[in-house]
Amino acid sequence: MKSENAILNIEELENLNENLSYLDELENELQEKLDFEISEFDFLKEEKEKIGSPEALGETIKGVIWEQVMNQVATVAGEDFIKENGGMTLDLRDEAHIQTSENFENGKIAKHNYISKEKLEKNYDRYQNTSHKDFREEYVNPGMDKTLRRAGDLNKEGIETVTDIYTGRQISTKTKLENGKNNPEAAQREHVIASAEIYKNPSLQMANDNEELAAVINDPENLQGYTTAERNNRKSDNSADKMEERDKTEHWKKANKKAEDFVNKKEKEGEERLKEEGRKTQRAEAFKIGGKALRTAIISLLAELLKNIISKLVKWFRTAKRTFKTLVEYIKEAISSFLDKIKTHIVNAGNGVITTIASSIFGPIVGIFKKLWMILKQGWKSLKEAFNYMRNPENRKKPIGILLLEVGKIVIASLSAIGAIVLGEVIEKALMTVPFLAIEIPLLGSLANIIGIFMGASISGVIGAIAINYIQSKLEKKLKNETLFKQIDKGNEILVTQAKIQKVREEKLVFTKVQTASNIKDRHDKLSEYIEENEKNIEEKKEILENELEEYTKNTNKNLEKYIEDNSIAISDEEIEKQKKKEEEFDNMDSLLNGLFD
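For the record, in the sequence shown the residue sitting at position 20 is 20 according to full-length UniProt numbering, with numbers rising by one throughout.
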């Protein structure tokens with residue numbers, strides 16, 4: 001009875017498909033929200049791992065040091081360079097020129113890539129502020145017709161079936177049933193990898209403008225053909241791992257592999273293009289300093305030296321027994337490698353000259369480390385400021401990378417003011433005694449000056465890292481606990497969203513069941529009408545046949561009687577008697593003959 005009521009209720013609805021469409025849309029929106037919450041949950045897990053991590057601290061300090069060096073070099077370069085460089089100071093870091101999908105996802109745009117800067121900023125604005133629904137309506141849906149025609153249009157031209165890409169069977173292009181409702185078995189155009197899934201891809205978002213991204217979604221490698229409306233709605237915006245098992249046919253696996261290969265290819269194409277552009281703008285910016293390849297070589301070697309120093313620092317942090325003696329040895333190793341490369345790539349200098357340069361650098365560095373505690377004591381205000389900054393609940397809401405970066409700038413700026421400037425000047429004066437290091441490089445300064453600035457900033461960075469590592473160790477437990485609580489809260493949000501999705505799916509199932517029951521009842525009613533109509537026709541035909549048979553029988557009997565009457569022969573009793581006698585004679589003769597043969 002309950003099911004009958006459901007059927008009756010659904011018959012009273014003017015358009016059940018509108019309800020199902022609304023639920024499909026709601027499910028897609030909730031799924032997008034769930035995917036975003038899961039990505040935030042994963043981000044919090046990564047944040048927790050970064051707390052107390054020497055590698056994370058090392059990367060942060062490297063960025064601060066390089067920014068400090070570039071700012072000082074840019075000051076030397078002056079306003080002419082900044083004007084020539086599009087209003088930007090010198091920055092030759094990879095992240096300033098080479099756009100990666102990871103940085104794009106986190107809102108870090110490679111602003112020094114003058115080739116694609118404007119496009120990247122527009123793409124990021126779309127990634128953050130344009131919903132998939134709006135993008136699809138404006139760009140994807142209009143572009144689908146260029147790749148594949150609608151099933152309804154094909155039907156109007158007399159094409160009644162097309163091939164289902166997931167089963168290989170022929171499916172109808174008739175989109176409406178006789179009762180005016182949508183045909184669930186009708187063909188619909190199918191994106192093998194859902195449009196929403198491709199739209200969430202940061203690599204494709206990064207490298208493609210609106211038209212290009214829509215073209216990727218609608219490419220024949222992805223918009224491969226048709227499937228039934230029922231399967232299309234069931235699959236919806238689900239990724240492969242969330243699809244129902246019954247839909248993962250061999251045909252689907254083949255189509256999905258083709259689409260995945262295409263998407264991976266487009267990802268690599270975009271990433272490689274941006275990488276090549278970044279290298280090009282990096283070289284161009286380096287040449288602007290003085291127009292010579294020498295400047296590029298110097299900056300490249302300094303960047304490599306910084307990377308080496310930071311890796312040695314991380315190694316030192318991970319050493320069980322840390323002493324300043326071992327740290328100085330590590331730094332000496334990095335600087336020695338740098339000087340060997342100067343000898344190889346920059347100038348053909350003898351071993352004696354390289355030894356002089358090394359001594360000029362090592363001596364002041366060792367002196368700075370001997371005064372380390374005095375420097376830290378002089379900078380206690382900045383250390384206290386950094387400690388309080390990290391303790392502030394509002395600041396602890398920031399990602400650990402940003403938190404370390406801001407604390408690093410506070411500490412290193414203070415330490416630089418105390419010791420780095422002096423260290424840089426001491427190293428520069430010592431290096432000026434080496435002739436080729438004293439030569440002025442236009443818009444850059446001398447090599448002695450550059451190396452002095454760099455070493456001053458680097459050693460300040462190393463000392464700052466030691467101080468920050470100490471501060472971080474004091475707050476590590478608290479920071480990790482807070483991040484864990486955030487993970488728990490985000491996990492609860494995910495559970496709530498999943499529950500909502502489950503509820504929507506249950507509602508969809510109820511509507512689908514009612515729709516199916518209604519369709520079955522419609523078919524039963526039509527069958528009953530058909531049977532009733534046929535039974536009536538059969539009775540009428542039976543009555544007609546019986547009347548015809550009765551008429552035929554009457555006519556036949558009448559004709560037979562007439563025939564008998566017309567053809568009957570009258571025989572007298574005398575002739576009958578004669579005939580009997582003849583028959584008796586024949587019988588006697590037959591008996592006689594039989595006796596002779598016996």
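Beta carbons are placed, not taken as given, at the ideal position from N, Cα and C, and that holds for glycine. A quick note: this is a predicted structure, and the numbers were derived from the prediction, not measured.
DSSP three-state call for residue i: helix, strand or coil?
i	result
Gly491	helix
Leu26	helix
Ile98	coil
Ser518	helix
Ile159	coil
Ile346	Unreliable positioning characterises Ile346 in this predicted model, as indicated by a pLDDT of 46, which lies under 50. A coordinate reading is not provided.
Asp91	coil
Thr228	strand
Ser458	helix
Ser236	coil
Lys176	strand
Asn264	helix
Asn222	coil
Ile165	coil
I'd like the span of the beta strand (DSSP E) that includes residue i, first residue to last.
i	result
residue 599	The question about residue 599 has no answer, for the chain in this structure spans 1 to 598.
Ile115	Unbroken run through Ile115: none, as it is neither H nor E.
Ala187	Ala187 to His191
Between residue i and residue j, what straight-line distance do the alpha-carbon atoms span, to the nearest angstrom?
i	j	result
Glu507	Gln188	23 Å
Leu549	Lys536	20 Å
Thr516	Lys541	37 Å
Ile159	Arg150	11 Å
Glu212	Leu495	36 Å
Leu177	Thr161	15 Å
Lys513	Arg231	15 Å
Tyr530	Ile544	21 Å
Asn519	Asp35	35 Å
Leu491	Phe485	Sequence inspection shows Gly at residue 491; the Leu mentioned does not correspond to that position. About 10 Å.
Gly152	Tyr226	12 Å
Glu190	Thr163	12 Å
Glu25	Gln31	10 Å
Tyr127	Lys200	8 Å
Lys146	Leu154	14 Å
Phe511	Lys181	14 Å
Met88	Lys275	20 Å
Lys521	Thr497	36 Å
Lys156	Arg523	26 Å
Using C-beta distances below 7 Å, list every residue in its chain close to residue i, excluding the 5 sequence neighbours before and after it, in chain order.
i	result
Ala96	Ala110, Lys111 and His112
Lys266	Leu204 and Val216
Glu221	Lys258, Ala259 and Phe262
His251	Ile165, Tyr166, Thr167 and Gly168
Glu244	Arg234
For residue i, which residues of its own chain have a beta-carbon under 6 Å away from its beta-carbon, when the five flanking residues on both sides are left out?
i	result
Asn210	Tyr139
Lys578	none
Asn559	none
Inspect the beta-carbon positions of residue i and residue j and report whether they are closer than 9 Å.
i	j	result
Asn256	Ile217	no
Lys133	Glu29	yes
Glu285	Leu120	no
Arg136	Ser195	yes
Tyr166	Thr249	yes
Arg234	Asp219	no
Ala186	Thr228	yes
Gln224	Lys253	no
Ile115	Glu277	yes
Glu102	Pro202	yes
Ala214	Glu269	no
For the alpha helix (DSSP H) containing residue i, name the first residue and the last one.
i	result
Ile198	Ser195 to Tyr199
Leu204	Pro202 to Ala207
residue 608	Nothing in the structure corresponds to residue 608, since the chain is present only between 1 and 598.
residue 599	This structure cannot speak to residue 599, because the chain is shown only from 1 to 598.
Asp145	Asn141 to Thr147
Under 8 Å Cβ to Cβ from residue i, same chain only, skipping five residues before and after it: list those, please.
i	result
Glu27	Ser236, Ile501, Val504, Arg505 and Lys508
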